[in-house]
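S.K.: When you line the sequence shown up against my numbering, it's residues 37 to 379, in that order.
Take a look at the following structure, please.
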Amino acid sequence: MSNAFALAIGVGTKNSNGDWLEVYYQQPLLNPASELVEAAKSALGYEGGNAALTVDGGELNAFADAIEAAAPQQAALARACTESQKPVVVTVLESDEQSSSTPEVYLKLHLLSHRLVKPHGLNLAGIFGLLPNVAWTNKGAIDLAELPQAQLEARLNGELLSVNSVDKFPRMTDYVVPAGVRIAHTARVRLGAYIGEGTTIMHEGFVNFNAGTMGVSMVEGRISAGVVVGDGSDLGGGCSTMGTLSGGGNIIISVGEKCLLGANAGIGIPLGDRCTVEAGLYVTAGTKIQVLDDQKNVVETVKGRDLAGKSDLLFRRDSITGAVQCVTNKSAIQLNEELHANN
């Protein structure tokens with residue numbers, strides 16, 4: 037029997053040249069049953085590897101018949117798609133390799149937003165070249181070259197074609213709304229975001245693809261691409277996390293559990309658990325930081341990167357001298373020993 041990494045039935049949009057603009061997968065599967073892969077071979081002509089198979093109603097019915105016993109929900113979805121007025125695709129990923137088509141990229145973004153895979157759990161290399169820049173409208177995705185004609189046709193019909201955004205990524209909630217979340221401004225969460233149950237994203241909060249929250253969080257700031265926020269951590273209004281794309285760096289920025297980034301604060305280093313960055317302070321890898329002991333005496337001056345990933349830290353700025361300081365609920369002497377233990 038054949039195994040696969042992922043499989044999904046999708047309904048999408050193509051431009052007038054037959055190029056895919058986007059794909060909606062209602063029920064993406066991670067590690068699907070081998071019966072589904074075998075059915076894709078017998079009913080759809082799947083020949084192995086990673087493939088996006090454009091299918092018609094007859095092929096979908098044959099696929100549904102073949103998987104009825106093993107996957108009744110997928111069979112029902114396949115039959116429902118036989119009535120689609122839009123192109124239907126069955127995408128099979130035999131392995132998590134670099135994507136080679138737009139439907140493959142969209143399946144991976146769905147796997148993230150459906151919480152089937154956590155951020156950094158997928159090979160997303162090269163996706164920007166496979167995601168077309170699209171006009172996202174109240175009537176769906178429209179190729180930018182075809183937008184003026186679509187706008188004219190709408191006006192001639194007494195309608196308004198509203199362009200909500202022009203981007204490579206659509207808003208997540210047009211494809212999936214994860215259980216147990218609140219999102220005040222849906223345009224600020226991209227497809228491919230991982231939003232943990234219990235998370236509230238306020239109007240100015242933003243979550244990029246391959247990033248998100250692992251549990252209960254209040255997000256009023258920016259979660260950039262690749263940034264993961266631990267359970268119980270809050271991001272204050274206007275705060276920022278430096279993404280892995282910023283400056284071409286490859287350091288993964290993360291926020292541990294039960295942390296707080298104050299309003300307009302920011303980080304360019306990963307934080308451990310139970311850390312606080314005071315309002316208005318941006319800590320980067322090169323920031324010079326005074327480490328204080330429990331008597332508030334300066335023990336040592338280090339760079340931000342030396343404190344990366346360490347827990348129980350309070351980052352603040354001395355309001356008189358302007359120096360950036362770090363206070364820990366462990367003694368600074370113990371912290372100092374930890375720093376030099378890695379030299």
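Beta carbons are placed, not taken as given, at the ideal position from N, Cα and C, and that holds for glycine.
#1: Per DSSP, Leu20 is paired with what?
#2: Roughly how many angstroms separate the alpha carbons of Tyr142 and Tyr60, rounded to a whole number?
#3: Please report the straight-line C-alpha distance between Ile259 and Glu119, rounded to a whole angstrom.
#4: Tell me where the alpha helix (DSSP H) around Thr394 begins and ends.
#5: Do Ala385 and Asn300 have their CB atoms nearer than 8 Å?
#6: Within 10 angstroms of its Cβ, does Ala368 collect 16 or more other Cβ (buried), or is it exposed?
#7: So, for Ala186: in the same chain, excluding its five sequence neighbours on each side, which residues have a beta-carbon less than 7 Å away from its beta-carbon?
#8: Gln110 to Val265, Cα distance in whole Å?
#9: Can you name the residues that DSSP bridges to Met254?
#10: Taking the alpha-carbon positions, what's the Ala42 to Asn200 distance?
#11: Quick check on the burial criterion: 16 or more other C-beta atoms within 10 angstroms. Buried or exposed for Gln134?
#12: Just verifying my parser: in three-state terms, what is the DSSP assignment at Ala111?
#13: Specify, as a first and last residue, the run of the beta strand (DSSP E) that Ala88 falls within.
#14: With DSSP run on the structure shown, which of helix, strand or coil describes Leu72?
#15: Hey, quick one: how far does the alpha helix (DSSP H) through Leu192 stretch, first residue to last?
#16: Can you tell me whether Asp342 is buried or exposed, with buried defined as 16 or more other CB within 10 angstroms of its CB?
M.R.: Based on what the coordinates show:
#1: Lying before the first or after the last residue shown, residue 20 is absent from the chain, which here runs from 37 to 379.
#2: For the purposes of this step, residue 142 is taken as the residue at position 106 of the sequence shown. For the purposes of this step, residue 60 is taken as the residue at position 24 of the sequence shown. Straight-line Cα distance between these residues: approximately 8 Å.
#3: Against the sequence shown, residue 259 aligns to sequence position 223. Against the sequence shown, residue 119 aligns to sequence position 83. The C-alpha of Glu119 is placed about 39 Å away from the C-alpha of Ile259.
#4: Since the displayed the chain opens at 37 and closes at 379, residue 394 lies outside it and no answer follows.
#5: Residue 385 lies beyond the range of the chain shown here (37 to 379); nothing can be said about it.
#6: Here residue 368 corresponds to residue number 332 of the sequence shown, with the count starting at 1. Residue confidence is low: Ala368 scores 47 on pLDDT, short of 50, so the model does not pin down where it sits. Its coordinate-derived value is still stated next. With 16 or more other Cβ atoms within 10 Å, it is buried.
#7: Taking the sequence shown and counting its residues from 1, one reaches residue 186 at position 150. Excluding positions up to five away in sequence, the list reads Ile178, Leu197.
#8: What you label residue 110 is simply residue 74 of the sequence shown in a count that begins at 1. What you label residue 265 is simply residue 229 of the sequence shown in a count that begins at 1. So the two alpha carbons sit approximately 33 Å from each other.
#9: Along the sequence shown, read from residue 1 onward, the residue named residue 254 stands at position 218. Answer by DSSP bridge pairing, in chain order: Thr236.
#10: Taking the first residue of the sequence shown as 1, we reach residue 42 at position 6. Taking the first residue of the sequence shown as 1, we reach residue 200 at position 164. The alpha-carbon atoms of Ala42 and Asn200 are separated by roughly 31 Å.
#11: In the sequence shown, counting from the first residue as 1, residue 134 sits at position 98. Result: exposed.
#12: In the sequence shown, counting from the first residue as 1, residue 111 sits at position 75. Of the three classes helix, strand and coil, the one that applies to Ala111 here is helix, per DSSP.
#13: In the sequence shown, the residue the question calls residue 88 occupies position 52. Segment 87 to 91, the beta strand (DSSP E) holding Ala88.
#14: In the sequence shown, counting from the first residue as 1, residue 72 sits at position 36. In the structure shown, Leu72 sits in a helix (DSSP, three-state: H, G or I).
#15: Translated into the one-based positions of the sequence shown, residue 192 becomes position 156. Run containing Leu192: 183 to 192, per the alpha helix (DSSP H) assignment.
#16: Your numbering for residue 342 matches position 306 in the sequence shown. Burial call: buried.
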